[in-house]
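Numbering (our numbering), first residue to last: 7 to 193.
As structure tokens, this is what we get:
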């Protein structure tokens, strides 16, 4: 089990956030880039994060890609500030934050077919999608027996609703892990 307790840390953080998507949760076109750096001289580590996303539609078919990195250019990330994987479109076959590590390199691609629009002039559409994901993880705090490339494939139905994103689906990994999920609301 992971340690618990209170921790006080100091440092500074710089971040850049660019976003050009046409929709917040299920975009049909656009891109986003989130870059950040946290420096904690007192705790003797630094954390770098990069999250790049893109979406493009061909008619009623939407393709999305995501590339993500979390790591410690200096020192080691403590467990309370480590990177995580797991949850919908973040290595879907795993539970949210099931994988906690010092370094994460993630790639996800997905294809979605728009199968309907919300009625009564409400904004949004419903889609059926498939996602293929892979990650390399270094210095793990959890799931330390899993070595090499982690993978996940997911099949889902979802979209944006007046209540936020809603989706239901199933994720599976060749390592034998699977996840059935239902979500309604804002993350």
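Note that the Cβ used here is the ideal one computed from N, Cα and C, for glycine as well.
Annotation: residue 149 is outside any beta strand (DSSP E) and is labelled neither H nor E by DSSP. For residue 142, the closest of 111, 67, 164 and 106 by C-alpha to C-alpha distance is 111. DSSP places residue 71 in the uninterrupted beta strand (DSSP E) bounded by 67 to 80. For residue 170 against residue 191, the beta-carbon gap comes to about 5 Å, under 8 Å, which counts as contact. Between residue 53 and residue 44, the gap from beta carbon to beta carbon is short of 7 Å. Assignment of residue 55 by DSSP, reduced to helix, strand and coil, places it in the strand class. Contact between the stretch 101 to 117 and the stretch 171 to 181 is not established, with fewer than three Cβ pairs separated by less than 8 Å. Under the DSSP assignment, residue 175 falls in the beta strand (DSSP E) whose first and last residues are 170 to 178. Residues of the same chain with a CB within less than 6 Å of the CB of residue 40, apart from the 5 flanking positions on each side, are 23 and 57 in chain order. Burial is judged here by how many other beta carbons sit within 10 angstroms of a residue's own beta carbon; residue 25 has fewer than 16 and is exposed.
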